[in-house]
Amino acid sequence: MLKHLLRGLILIPLVMITVVGGILIFTAPKAPPPIAAVEKANDPFARFSRELPAYHYLTARDGGKLAYHYYAGKPVGGVAILVHGSSGTSLAVHGLAKAYAARGITVYAPDLRGHGISSRPERPAWRYRLSRAIRRRSR
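FYI, the numbering for the sequence shown is 1 to 139, going by our numbering.
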């Protein structure tokens, strides 16, 4: 009797799990069709990214790869270096860089280390520099 009761206590939850799993698998909703308004909303961004100039690369002293966009201006128009925000990439300054270049200013828009497609530093050098600066100050 106890043996049948234990089998029932084990078998009933297994059957319930199987039934619920089958219901979930066979009645899962299908993915909704794309919403035309949302797809159309992304069009300006696709055009914007197609206008980006090709990446150029610079190798830093420590061997890291730094990526940047170059916007040609006039030879006497001056030079501007546009730097993105703390969590951004050079894409963030693309519109401004285009406007400067249209006015004859040559623009460089880098991806800072660890942002965009620039490489990350091998080791956190800032910690070493900070501790060195603190030691110098405390002397």
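All residues carry an ideal CB built from backbone N, CA and C; glycine is no exception.
The structure presented is a predicted model; accordingly, all values stated were derived computationally and were not measured.
### Query
Should Ser-131 and Ala-109 be called a contact, given that it needs their Cβ atoms to be closer than 8 Å?
The count along the sequence shown starts at 1 and reaches residue 131 at position 131. The count along the sequence shown starts at 1 and reaches residue 109 at position 109. Not a contact, by the Cβ cut-off of 8 Å.
### Task
Whole angstroms is fine: what's the gap from Pro-75's alpha carbon to Ile-81's?
Looking up residue 75 in the sequence shown gives position 75. Looking up residue 81 in the sequence shown gives position 81. Each residue's alpha carbon lies about 16 Å from the other.
### Task
State the CB to CB distance for the pair Thr-106 and Tyr-71, rounded to an integer number of angstroms; the pair is presumed to be in contact (CB under 8 Å).
Within the sequence shown, residue 106 is the residue found at index 106, counting from 1. Within the sequence shown, residue 71 is the residue found at index 71, counting from 1. Thr-106 to Tyr-71, Cβ: 7 Å. Contact.
### Task
Would you tell me roughly how many angstroms separate the C-alpha atoms of Arg-13 and Leu-5, rounded to the nearest one?
Looking up residue 13 in the sequence shown gives position 13. Looking up residue 5 in the sequence shown gives position 5. Strictly speaking, residue 13 in this sequence is Pro, with Arg absent from that position. Near 13 Å, if we compare the C-alpha coordinates of Leu-5 and Pro-13.
### Query
So Gly-64 packs on Arg-113, CB below 8 Å; how close in whole Å?
Position 64 of the sequence shown, counting from 1, holds the residue named residue 64. Position 113 of the sequence shown, counting from 1, holds the residue named residue 113. Under the criterion of beta carbons closer than 8 Å, Gly-64 and Arg-113 qualify as touching, at roughly 6 Å.
#### Entry: CB contact flag (Gly-95, Gly-73, <8 Å)
Indexing the sequence shown from 1 puts residue 95 at position 95. Indexing the sequence shown from 1 puts residue 73 at position 73. Going by C-beta atoms, Gly-95 is not nearer than 8 Å to Gly-73.
### Query
What separation, rounded to the nearest whole angstrom, lies between the Cα atoms of Val-83 and Ala-36?
On the sequence shown, position 83 is the one that residue 83 refers to. On the sequence shown, position 36 is the one that residue 36 refers to. Cα to Cα, Val-83 sits roughly 35 Å from Ala-36.
### Message
Would Ala-97 and His-115 be called neighbours here (beta carbons separated by less than 8 Å)?
### Response
Along the sequence shown, one-based indexing puts residue 97 at 97. Along the sequence shown, one-based indexing puts residue 115 at 115. No.
### Task
Return the chain-ordered list of same chain residues with a C-beta closer than 6 Å to the C-beta of Val-79, the five sequence neighbours on each side being excluded.
Start at 1 with the first residue of the sequence shown, and residue 79 comes out as number 79. Excluding residues up to 5 positions away in sequence, Thr-106 lie with their Cβ nearer than 6 Å to the Cβ of Val-79 in the same chain.
### Query
Would you say Ala-60 and Ile-117 are within 8 Å of each other, going by their C-beta atoms?
Reading the sequence shown from its first residue, position 60 is the one you call residue 60. Reading the sequence shown from its first residue, position 117 is the one you call residue 117. In this structure, Ala-60 keeps its C-beta atom at 8 Å or more from the C-beta atom of Ile-117.
### Query
If you drop the 5 nearest sequence neighbours on each side, which residues of the same chain put their C-beta closer than 6 Å to that of Tyr-100?
What you label residue 100 is simply residue 100 of the sequence shown in a count that begins at 1. The answer, listed in chain order, is Ala-80, Val-107.
### Task
Give the DSSP-derived three-state secondary structure of Ala-97 in the structure shown.
Taking the first residue of the sequence shown as 1, we reach residue 97 at position 97. Ala-97: helix per DSSP, three-state reduction.
### Query
Taking buried to mean at least 16 other C-beta atoms within 10 Å of its own C-beta, is Val-15 buried or exposed?
The residue labelled residue 15 in the question sits at position 15 within the sequence shown. Val-15 comes out exposed.
### Query
How should Val-93 be labelled, buried or exposed, when 16 other C-beta atoms within 10 angstroms of its C-beta is the threshold for buried?
Here residue 93 corresponds to residue number 93 of the sequence shown, with the count starting at 1. By the 10 Å Cβ count, Val-93 comes out buried.
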